[in-house]
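Residue 3 is where the sequence shown starts when you use my numbering, and the numbers rise one by one after that.
First the structure, in the form of structure tokens, and then the observations on it.
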Amino acid sequence: MIILFIIFLATSFIIALISMKDFDIPKEIKTFFKIKPVKGTIIFFKNKTTHYRG
């Protein structure tokens with residue numbers, strides 16, 4: 003019985019993923035999560051931390 007439930011759940015999940023091909027994240031959310039990666043080197047000294055951009 004549990005195996006039948008797991009098979010049914012997996013099948014319905016796969017069908018739901020296939021039907022969401024036209025689903026797209028809104029533009030506002032895309033721009034909110036678009037973060038420029040930090041490039042450079044961070045050096046830790048005894049008393050301070052320095053970031054060199056590169």
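Glycine included, C-beta positions come from ideal geometry on N, C-alpha and C.
Legend entry - Under the three-state DSSP convention, the category I45 falls into: On the sequence shown, residue 45 is found 43 positions in, with the first residue counted as 1. Reduced to three states, the DSSP call for I45 is strand.
Inset, instruction - Determine the direct distance from the alpha carbon of T33 to that of F47, and round the result to whole angstroms. - result: Taking the first residue of the sequence shown as position 1, residue 47 is located at position 45. Taking the first residue of the sequence shown as position 1, residue 33 is located at position 31. The alpha-carbon atoms of F47 and T33 are separated by roughly 36 Å.
Inset, instruction - Compare the Cα-Cα distances from G42 to each of F35, N49, Y54 and report the closest residue. - result: On the sequence shown, position 40 is the one that residue 42 refers to. Among F35, N49, Y54, the Cα nearest to that of G42 is on Y54.
Inset, instruction - Mind checking which residues open and close the alpha helix (DSSP H) that includes K50? - result: Locating residue 50 in the sequence shown gives position 48, where the first residue counts as 1. K50 -> no alpha helix (DSSP H), and no H or E assigned at all.
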